[in-house]
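>
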């Protein structure tokens, strides 16, 4: 099975037009076989939160936009908000920046059954202030060939059914050739996907989070955590949306603010203080 500066004193009431699809089962966060990351090691990583719960991950691509998985944002019915610069989710840290969601743009051909085109852009309510702990990730060039070793990062469970980690975790995982992944997931693997992982190391349920490729001085966002079969199981690597496949879509959406039909709009209404106050206390 496929498995604070603005609005701090507001509860975000979100509604999405035409959002009747159910959220897939990839809604929690797990880094199987991970170790604690250094503070500021992944300054682009975003926690998509509801209260103190990390619903999904994301990656900051510029001060106004966050890239994540479409299945994370297909049915936003709760008050979600974004946290950058975080390391320990149990405490409010001085490097954290909190933003509300202004709008969400899911790929128009996202398929919640096959996870094809599992990519989404979030426009924030106010630009993030960039510094050593909050900075955008570099997108890969077109036709980028993934590196042999890649890095996943996020918050979550270190073992299936275990305890949730309060600190940011990371794990190094090997790239899995497309032909091998197509065999492992016969009929379910598509050209816009890449695979990574090995027995005992995976990012299943760390939905929307980054898959990083390090090449020379560059840290490229190679993939977006999408789906998988089990957690770190043999011959069942994690499957990721291949970012280089969607460079035109990313550029067109961010430059036009989603004025074409490739989107779902999220309307933000500020009403009460409860949710974000609960988060920072």
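In mature numbering (1 follows the signal peptide of the UniProt record, and there is no 0), the protein residues as written are -22 to -1, 1 to 259.
Yeah, the Cβ is synthetic: ideal placement off N, Cα and C, and Gly gets one too.
Note that the coordinates shown come from a computational prediction; the quantities given were computed from them, not determined experimentally.
Give the single residue among 29, 117 and 43 whose Cα lies nearest to the Cα of residue 103.
Counting from 1 along the chain shown, the entry for residue 103 is found at position 125. The shortest C-alpha separation from residue 103 is found at 43.
> Give the DSSP-derived three-state secondary structure of residue 223 in the structure shown.
Locating residue 223 in the chain shown gives position 245, where the first residue counts as 1. In this structure, residue 223 counts as helix in the three-state DSSP scheme.
> Spell out a yes or no on whether the region 89 to 96 and the region 104 to 118 are touching, meaning 3 or more CB-CB pairs, one atom from each, closer than 8 Å.
As far as the Cβ criterion goes, the region 89 to 96 does not touch the region 104 to 118, which means the pair count is below three.
> Do you know whose CA, among 96, 81 and 79, lies nearest residue 87's CA?
Within the chain shown, numbered from 1, the residue matching residue 87 stands at position 109. Selected option, being the one with the closest Cα: 96.
> Just the Cα atoms here: how many angstroms apart are residue 221 and residue 171?
Here the question's residue 221 lines up with position 243 in the chain shown. Here the question's residue 171 lines up with position 193 in the chain shown. Cα to Cα, the separation comes out at about 9 Å.
> Within a Cβ cutoff of 7 Å, which residues of the same chain sit near residue 219, ignoring the five residues on either side of it in sequence?
As a first step, residue 219 is located in the chain shown; it is residue number 241 there, counting from the start. Around residue 219: 47, 96, 97, 170, 171, 201, 202 and 204.
> Taking the beta strand (DSSP E) that residue 76 belongs to, which residues open and close that run?
By one-based count along the chain shown, residue 76 stands at place 98. Element bounds for residue 76: 75 to 84.
> According to DSSP, is residue 125 part of a helix, a strand, or is it coil?
Taking the chain shown and counting its residues from 1, the one referred to as residue 125 is at position 147. Looking at residue 125 - three-state DSSP - the assignment turns out to be coil, as it is neither helix nor strand.
> Run the proximity test for residue 111: is its beta-carbon closer than 7 Å to any non-hydrogen atom belonging to the ligand ATP?
Ligands are entirely absent from the displayed structure, and the ligand ATP is therefore not among its contents.
> With distances taken Cα to Cα, identify the nearest neighbour of residue 130 among 146, 82 and 119.
Here residue 130 refers to the residue found at position 152 of the chain shown. The option with the nearest alpha carbon to residue 130 is 146.
> Between which two residues does the beta strand (DSSP E) holding residue 90 run?
The residue given as residue 90 occupies position 112 in the chain shown. That residue, residue 90, is in no beta strand (DSSP E); it is neither H nor E in DSSP.
> Could you check whether residue 174 and residue 167 sit closer than 8 Å to each other, using their CB atoms as the reference points?
Counted from its first residue, the chain shown places residue 167 at position 189. Counted from its first residue, the chain shown places residue 174 at position 196. No, they are not a contact pair.
> I need the straight-line Cα distance from residue 100 to residue 38, nearest angstrom please.
For the purposes of this step, residue 100 is identified with residue 122 of the chain shown, where counting begins at 1. For the purposes of this step, residue 38 is identified with residue 60 of the chain shown, where counting begins at 1. Each residue's Cα considered, the two are about 9 Å apart.
> Relative to the alpha-carbon of residue 189, which residue among 22, 17, 18 and 14 has its alpha-carbon at the smallest distance?
Translated into the one-based positions of the chain shown, residue 189 becomes position 211. Comparing Cα positions, the closest option is 22.
> In three-state DSSP terms, what is residue 204?
Reading the chain shown from its first residue, position 226 is the one you call residue 204. Residue state, collapsed to three classes: strand.
> Assign residue 196 to buried or exposed, taking buried as 16 or more other Cβ atoms, counted over all protein chains shown, within 10 Å of its Cβ.
Numbered from 1 along the chain shown, position 218 holds the residue referred to as residue 196. Exposed is the call here.
> For residue 153 and residue 118, which I take to be in contact (beta-carbon distance under 8 Å), what is that distance rounded to the nearest angstrom?
Residue numbering aside, residue 153 sits at position 175 when the chain shown is read from its first letter. Residue numbering aside, residue 118 sits at position 140 when the chain shown is read from its first letter. Actually they are not in contact, since the Cβ atoms of residue 153 and residue 118 sit about 13 Å apart, beyond 8 Å.
> With DSSP run on the structure shown, which of helix, strand or coil describes residue 157?
Counted from its first residue, the chain shown places residue 157 at position 179. Of the three classes helix, strand and coil, the one that applies to residue 157 here is helix, per DSSP.
> Is it buried or exposed, residue 199, if we count other Cβ atoms within 10 angstroms and call 16 or more buried?
Your numbering for residue 199 matches position 221 in the chain shown. The residue in question, residue 199, is buried, as its Cβ has 16 or more Cβ neighbours within 10 Å.
> What three-state label does DSSP hand residue 120 in the structure shown?
In the chain shown, the residue the question calls residue 120 occupies position 142. If DSSP states are grouped into helix, strand and coil, residue 120 belongs with coil.
> Using the three-state DSSP reduction, which class does residue 228 fall into: helix, strand or coil?
For the purposes of this step, residue 228 is taken as the residue at position 250 of the chain shown. In the structure shown, residue 228 sits in a helix (DSSP, three-state: H, G or I).
> Which residues does DSSP pair with residue 106 in a beta bridge?
Residue 106 sits at position 128 when you count from the first residue of the chain shown. Per DSSP, none; premise fails for residue 106.
> Taking Cβ positions, are residue 293 and residue 26 nearer each other than 8 Å?
This structure leaves residue 293 out entirely; the chain is present only between -22 and 259.
> Taking only three categories from DSSP, how would you classify residue 210?
As a first step, residue 210 must be located in the chain shown, where it is residue number 232. Note that residue 210 scores a pLDDT of 47, beneath 50, so its modelled location is shaky; the value from the coordinates is reported in the next line. Coil, per DSSP.
> Taking 6 Å as the limit between beta carbons, can you name the residues of its chain near residue 73, skipping five residues before and five after?
Here residue 73 refers to the residue found at position 95 when the chain shown is read from its first residue. Excluding residues within five positions, the ones whose Cβ falls inside 6 Å are 63 and 111.
> Taking C-beta to C-beta, are residue 82 and residue 51 nearer than 8 Å?
Counted from its first residue, the chain shown places residue 82 at position 104. Counted from its first residue, the chain shown places residue 51 at position 73. Result yes, Cβ atoms of residue 82 and residue 51 sit closer than 8 Å.
> Where do the ends of the beta strand (DSSP E) carrying residue 174 lie?
What you label residue 174 is simply residue 196 of the chain shown in a count that begins at 1. Here the beta strand (DSSP E) through residue 174 covers 171 to 174.
> On a Cα-Cα basis, can you pick out the residue from 59, 156 and 15 that is closest to residue 29?
Position 51 of the chain shown, counted from the first residue, corresponds to residue 29. Ranking 59, 156 and 15 by Cα distance to residue 29 puts 59 first.
> Residue 4 by DSSP, collapsed to three states: which one?
Start at 1 with the first residue of the chain shown, and residue 4 comes out as number 26. Reliability of the predicted coordinates at residue 4 is poor, the pLDDT of 40 falling under 50, and the value obtained from them is presented with this limitation in mind. Coil.
> So is residue 144 in contact with chain D if we call contact Cβ pairs under 8 Å?
Absent from the structure: chain D. Only one protein chain is present.
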